[in-house]
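Let me begin by presenting the structure, written as structure tokens, before commenting on it.
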Amino acid sequence: MVNKRWGYWLFFAALFLAPFYLTEFRLSLLGKFLCLAIVAVGISLIWGYTGILSLGHGVYFGLGAYCMAMYLKLEASRGHLPDFMEWSGVRELPWFWKPFAYPMAAIAAAIALPTLLAALLSYFTFKNRIKGVYFSLLSQAVVVVLVTLFIGKQEWTGGTNGLTNFSTVFGFSLSSPLTQIVLYWLTTVCLALIFVAARRLTSGRLGKVLIAIRDAENRVRFLGFNPTVYKVFVYSLSAAFAGVAGALFVLQVGLISPEMMGIIPSIEMVLWVAVGGRHSLMGAIVGAIVMNTAKSFLSENYPDLWLLLLGALFVVVVLFVPKGLAGIYESLVAVRIKAKRGHEREARVDVS
Amino acid sequence: MFIDQLFNGLSLGSILLLIAIGLAITFGLMGVINMAHGELMMVGAYTTYVIQQWFANDMPHSAGLYFVVAIPLSFLIAALLGWGLEKSLIRHLYRRPLDSLLATWGISLILQQTARLIFGAPNVAVVPPSWLDGGIRLFGAVFPYKRLFILCLVLAIIFFLYLYLMKTRAGRRIQAVTMNRSMAACLGIATQKVDAYSFAIGSGLAGVAGCALTLLGPIGPTIGTYYIVDAFMVVILGGVGKLAGTLLGAFGIGLISTFVEYSTSATMAKVIVFVLIIAFLQWKPSGLLNVRTRSLD
């Protein structure tokens, strides 16, 4: 256990020091992946620990990103209407855009909106004991609804192009390397905090209830717990994580569009966690980083191959490595411990 | 005007039913989440395209007849593919529905990319047979033959499926396995065989749906993704395990969509219909019709 904690410290220290040993380009990529890793931690919480497979996390990620992007857009337009609104013939800023002129309001909304939507959706479905596959498919329907809405209401959301062309954040230029490094550090700190919080949560009593819900929900109910409360809480929490991730993502990438929150990204998010190991929070982080590194390398060099590989990976992971990279790591450790014990036993035999 | 709307609703409902009926078998009866269902439709659509090209090049005189050949062939090819999928992959996943969702999503990516490599990324157009051009004028409204044809095709499929499931031994075996797998196995039904056949039939029906979709517009590698969520919504709304529910669900969604669309816009109609579905599930969590069961999970 002590070793493991040391490993985590080393991992986050290495991430935090990355600006000193990575090029600017690599650093910006890593910053992006760390945002996605935050989403992965949330998915591991709900899927690995609670057994809820959400295919809708693109929505929460996207909502967080759009909230942040609206603020950036307003700051970039310097008191004028955002350019896409002028093109669509809008004369005045819509009322719901107005609060986003204030950065604090935008940040609050980036966390609150996804949480609220997730709470609403999960309350109404879990209260009626709609679960498993049905919940997954309903969450996917929510993705379709939101993406349709964001594309359709072009005059308010920028349509398929989404929101882009930002210049500054809190008055600092977004393109300056220093701002990017500060944003990277902010992302690392957020990831570390969220990881620690999620670990605390899962190692305590609450975590045990969540695992019990995953394994036998009705027994939990008969023991006097109300699974709905727990499920709504953990689902909303993971949506909040996704919202934070979206806000950080848009700051570093400088663009958000409906395409980035659709069905395909939402399912890919699940795959990162599956590859990393759904029952392990650290596995989810590693999975998100590894998968996205592979994607950015392969999809640039061999775009045809990448999709085939991605498809095959879904099949292979589900059939042969359901516990993902974390599972492989754990079984390696287990083998080593067994071997060690074996040696000890032999040694003892020798002595006697 | 009202008749126009009614017909559009029925027509949309028949298309929804067409894409959902195969899913109702694989998901409703077997409990497998087949995310590759849309890609099996794509296989049917491309089969139709290939047959149309073949007829147009080699037999220009009877080119209009290609559709008659295309329907059974799309069924057959998609069914074979489905059978292979069941034998190699799906049968390992019967007790893990969420995992079957992920694995079949992988299959759908592979099939999409394969189609892209064979036929190219841009959409291809299938020229509908000339005998389906035009329409009937009745009560001041025009009913296009293509849409009437799809409506009749769906009705025919429902009719034969009903006969198959209710009146043949093989169909009854499928029903028995659906209701109680272990009991059916105890009574000597080869459940694994039944699984493979049912999955093949569901896949074949997806192929026919793809074939019919070529009448409505161009087809491309991503055609399946457009329809898959709608198809699942139909099955969930209808209630899992009952084909009659799927029928009600499809026509219900079709009619409501067209009437809502008439008073708002296509975008808002989609949003409103999905919200209505989720609201409806609050009232009846297991859908319109469902197999009654006393089991807890």
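Here the protein sequences come in this chain order: A and B. Positions 1 to 352 (the numbering used here) are the ones given, in order, by the first sequence. Positions 1001 to 1297 (the numbering used here) are the ones given, in order, by the second sequence. We treat Cβ as the ideally placed atom computed from N, Cα and C, and that holds for glycine. Computed from a predicted structure; not experimentally measured.
Please return the same chain residues whose Cβ sits closer than 7 Å to the Cβ of residue i, not counting the five positions on each side in sequence.
{"i": "B:Gly-1084", "result": "none"}
{"i": "A:Leu-201", "result": "Gly-207"}
{"i": "B:Leu-1155", "result": "none"}
{"i": "A:Ser-352", "result": "Any reading at A:Ser-352 needs caution, since the residue's pLDDT is 45, under 50, leaving its predicted position unreliable; the model's value is listed next. There are no such residues."}
{"i": "A:Val-90", "result": "Leu-81 and Glu-155"}
{"i": "A:Leu-93", "result": "Leu-81"}
{"i": "B:Ala-1225", "result": "Looking at the sequence provided, one finds Thr at residue 1225 of chain B rather than Ala. Cβ neighbours of B:Thr-1225 beyond the five flanking positions: Gly-1038."}
{"i": "B:Gly-1212", "result": "Before going further, note that residue 1212 of chain B is Ala rather than Gly in the sequence given. So the list reads Leu-1018, Ile-1150 and Leu-1153, once near-sequence residues are dropped."}
{"i": "B:Leu-1117", "result": "none"}
Tell me which same chain residues have a C-beta within less than 6 Å of the C-beta of residue i, skipping the five on either side of it?
{"i": "B:Ile-1019", "result": "Ala-1209, Tyr-1227 and Ala-1231"}
{"i": "A:Gly-31", "result": "Tyr-184, Thr-187 and Gln-252"}
{"i": "B:Ile-1272", "result": "Val-1260"}
{"i": "B:Leu-1215", "result": "Pro-1128 and Lys-1146"}
{"i": "B:Tyr-1049", "result": "Val-1124 and Val-1126"}
{"i": "A:Phe-33", "result": "Ile-289 and Asn-292"}
{"i": "B:Phe-1067", "result": "Pro-1129"}
{"i": "B:Leu-1151", "result": "Ser-1014"}
{"i": "B:Gln-1052", "result": "Tyr-1066 and Val-1126"}
{"i": "B:Ala-1079", "result": "Ala-1200, Ser-1203 and Gly-1204"}
Leaving out the 5 sequence neighbours to the left and right, which residues in its chain are closer than 8 Å to residue i when beta-carbon positions are compared?
{"i": "B:Leu-1247", "result": "Leu-1017, Ile-1158 and Gly-1238"}
{"i": "B:Val-1275", "result": "none"}
{"i": "B:Leu-1093", "result": "Val-1032, Asp-1099, Ser-1100 and Ala-1103"}
{"i": "A:Lys-131", "result": "Ile-52, Thr-125 and Glu-217"}
{"i": "B:Ala-1196", "result": "Trp-1083, Glu-1086, Lys-1087 and Arg-1091"}
{"i": "A:Leu-55", "result": "Ser-136, Leu-137, Ser-139, Gln-140, Val-143, Ile-263, Ser-266, Ile-267 and Val-270"}
{"i": "B:Pro-1097", "result": "Gly-1031, Val-1032 and Ile-1033"}
Below 8 Å on the Cβ atoms is my contact criterion, and I expect residue i with residue j to pass it. Report the Cβ-Cβ distance as a whole number of Å.
{"i": "B:Met-1082", "j": "B:Ala-1200", "result": "It is Gly, not Met, that sits at residue 1082 of chain B in the sequence shown. Contact flag correct, Cβ pair sits at about 5 Å."}
{"i": "A:Ser-257", "j": "A:Asn-161", "result": "6 Å"}
{"i": "A:Glu-75", "j": "A:Thr-168", "result": "6 Å"}
{"i": "B:Ser-1198", "j": "B:Ile-1174", "result": "5 Å"}
{"i": "A:Met-291", "j": "A:Val-316", "result": "Contact flag wrong, Cβ pair sits at about 13 Å."}
{"i": "A:Val-273", "j": "A:Trp-47", "result": "6 Å"}
{"i": "A:Ala-242", "j": "A:Pro-114", "result": "6 Å"}
{"i": "A:Gly-64", "j": "A:Met-260", "result": "In fact, because the Cβ distance is near 12 Å, the residues do not count as touching under 8 Å."}
{"i": "B:Thr-1222", "j": "B:Gln-1112", "result": "6 Å"}
Judging by CA-CA distance, which residue of the options is the nearest neighbour of residue i?
{"i": "A:Ala-294", "options": "A:Gly-283, A:Trp-306 and A:Ile-285", "result": "A:Trp-306"}
{"i": "A:Gly-324", "options": "A:Lys-338, A:Ser-280, A:His-343 and A:Phe-297", "result": "A:Ser-280"}
{"i": "A:Ala-110", "options": "A:Gly-327, A:Leu-138, A:Glu-217 and A:Phe-249", "result": "A:Phe-249"}
{"i": "B:Met-1268", "options": "A:Val-144, A:Ala-108, A:Gln-140 and A:Lys-231", "result": "A:Val-144"}
{"i": "B:Leu-1289", "options": "B:Gly-1241, B:Gly-1220 and B:Tyr-1094", "result": "B:Gly-1241"}
{"i": "B:Leu-1065", "options": "B:Ser-1130, B:Ser-1100, B:Ala-1184 and B:Ile-1118", "result": "B:Ser-1130"}
{"i": "A:Tyr-235", "options": "A:Arg-341, A:Val-41 and A:Gly-171", "result": "A:Val-41"}
{"i": "A:Phe-233", "options": "A:Leu-332, A:Ile-213 and A:Phe-222", "result": "A:Ile-213"}
{"i": "A:Arg-78", "options": "A:Phe-100, A:Tyr-66 and A:Gly-89", "result": "A:Phe-100"}
{"i": "A:Leu-271", "options": "A:Phe-20, A:Leu-53 and A:Leu-29", "result": "A:Leu-53"}
{"i": "B:Leu-1153", "options": "B:Ile-1219, B:Ala-1279 and B:Ile-1015", "result": "B:Ile-1015"}
{"i": "B:Leu-1073", "options": "B:Met-1041, B:Pro-1060 and B:Pro-1097", "result": "B:Met-1041"}
{"i": "B:Gly-1134", "options": "B:Phe-1149, B:Gly-1013, B:Gly-1120 and B:Ile-1277", "result": "B:Phe-1149"}
{"i": "A:Ile-267", "options": "A:Trp-87, A:Ser-139 and A:Leu-210", "result": "A:Ser-139"}
{"i": "B:Ile-1090", "options": "B:Ile-1107, B:Phe-1075, B:Leu-1076 and B:Leu-1111", "result": "B:Ile-1107"}
{"i": "A:Arg-26", "options": "A:Leu-117, A:Pro-177 and A:Val-59", "result": "A:Pro-177"}
{"i": "B:Arg-1095", "options": "B:Arg-1181, B:Gly-1140, B:Tyr-1164 and B:Ala-1212", "result": "B:Arg-1181"}
{"i": "A:Ala-245", "options": "A:Phe-11, A:Pro-19, A:Phe-20 and A:Ala-69", "result": "A:Ala-69"}
{"i": "A:Gly-327", "options": "A:Glu-344, A:Val-286, A:Asp-304 and A:Leu-298", "result": "A:Val-286"}
{"i": "A:Val-107", "options": "A:Ala-118, A:Glu-86 and A:Tyr-66", "result": "Residue identity check: residue 107 of chain A is Ile in the sequence provided, not Val. Here the closest residue by C-alpha is A:Tyr-66."}
{"i": "B:Leu-1281", "options": "B:Leu-1187, B:Val-1234, B:Ala-1184 and B:Gln-1192", "result": "B:Val-1234"}
{"i": "B:Phe-1119", "options": "B:Ile-1219, B:Phe-1002, B:Gly-1287 and B:Tyr-1162", "result": "B:Ile-1219"}
Nearer than 7 Å: is that true of the beta carbon of residue i relative to any heavy atom of the ligand SAM?
{"i": "A:Ala-18", "result": "The ligand SAM is not part of the structure shown, which contains no ligands of any sort."}
Query raised in the report: Using a Cβ cut-off of 7 Å, which residues of the stretch 133-149 of chain A contact any Cβ in chain B, in chain order?
Result: Taken in chain order, the members of the stretch 133-149 of chain A whose beta-carbon sits within less than 7 Å of a beta-carbon on chain B are Val-133, Tyr-134, Ser-136, Leu-137, Leu-138, Gln-140, Ala-141, Val-144, Val-145, Thr-148 and Leu-149.
Query raised in the report: Mind pulling the beta strand (DSSP E) runs of 3 or more residues that sit fully within the stretch 196-250 of chain A?
Result: Assignment of beta strand (DSSP E) within the stretch 196-250 of chain A, counting only whole runs of 3 or more residues, yields no such run.
Report task. Kindly provide the ranges of any beta strand (DSSP E) runs that are 3 or more residues long and lie completely inside the stretch 1083-1166 of chain B, ordered along the chain. Result -> Within the stretch 1083-1166 of chain B, the complete beta strand (DSSP E) runs of at least 3 residues are 1135-1138 and 1141-1144.
Query raised in the report: Just by C-beta distance, which residues in the stretch 1213-1232 of chain B are closer than 9 Å to chain A?
Result: Result list: Thr-1225, Ile-1228, Val-1229, Asp-1230 and Phe-1232.
Query - the stretch 1106-1120 of chain B: positions lying closer than 9 Å to chain A by Cβ - result: So the close ones are Gly-1106, Ile-1107, Ser-1108, Leu-1109, Ile-1110, Leu-1111, Gln-1112, Gln-1113, Thr-1114, Arg-1116 and Leu-1117.
Query raised in the report: Of all the alpha helix (DSSP H) runs that stay within the bounds of the stretch 279-313 of chain A, which reach a length of 4 or more residues?
Result: Runs found: 281-301.
Query - Under 9 Å (Cβ pairs) to chain A, residues found in the stretch 1072-1103 of chain B - result: Taking 9 Å as the Cβ-Cβ cut-off against chain A, the residues of the stretch 1072-1103 of chain B that qualify are Leu-1089, His-1092, Leu-1093, Arg-1096, Pro-1097, Leu-1098, Asp-1099, Ser-1100, Leu-1101, Leu-1102 and Ala-1103.
**Report entry** Residues within the stretch 76-94 of chain A neighbouring chain B, beta-carbon criterion of under 8 Å
**Finding:** Result list empty, no residue passes.
**Report entry** Against chain B: residues of the stretch 104-129 of chain A by CB proximity under 9 Å
**Finding:** Residues passing the 9 Å Cβ filter: Leu-121, Phe-124, Thr-125, Lys-127, Asn-128 and Arg-129.
Report task. With 8 Å as the limit, tell me which residues of the stretch 1234-1246 of chain B have their beta carbon closer than that to any beta carbon of chain A; keep them in chain order. Result -> If the cut-off is 8 Å between Cβ atoms, the stretch 1234-1246 of chain B has Ile-1236 near chain A.
Requested in this report: Identify each residue in the stretch 46-64 of chain A for which the Cβ-Cβ distance to at least one residue of chain B is less than 9 Å, and report them in chain order.
Outcome: So the list reads Trp-47, Gly-51, Leu-53 and Leu-55, given in the order they occur along the chain.
Report task. Residues of the stretch 247-281 of chain A with a CB closer than 9 Å to any CB of chain B: list them in chain order, please. Result -> Taking a C-beta cut-off of 9 Å against chain B, the contacting residues of the stretch 247-281 of chain A are Ile-263, Ile-264, Ile-267, Val-270, Leu-271 and Ala-274, listed in chain order.
Requested in this report: Counting only runs of 4+ residues fully inside the stretch 56-102 of chain A, write out the alpha helix (DSSP H) ranges in chain order.
Outcome: You should have 57-77 and 83-87.
**Report entry** Segments of 4+ residues assigned as alpha helix (DSSP H) that fall wholly inside the stretch 1052-1076 of chain B
**Finding:** If we require 4 residues or more, the stretch 1052-1076 of chain B turns out to have no alpha helix (DSSP H) run fully inside it.
Report task. Compile a chain-ordered list of the residues in the stretch 1267-1293 of chain B whose CB is closer than 8 Å to at least one CB of chain A. Result -> Taking 8 Å as the upper bound on Cβ-Cβ separation, chain A lies near residues Thr-1267, Met-1268, Lys-1270, Val-1271, Phe-1274, Val-1275, Ile-1277, Ile-1278, Leu-1281, Gln-1282 and Pro-1285 of the stretch 1267-1293 of chain B.
Query raised in the report: Which residues, in chain order, does the stretch 1011-1025 of chain B contribute to contact with chain A at a C-beta distance below 8 Å?
Result: From the stretch 1011-1025 of chain B, no residue has a Cβ closer than 8 Å to chain A.
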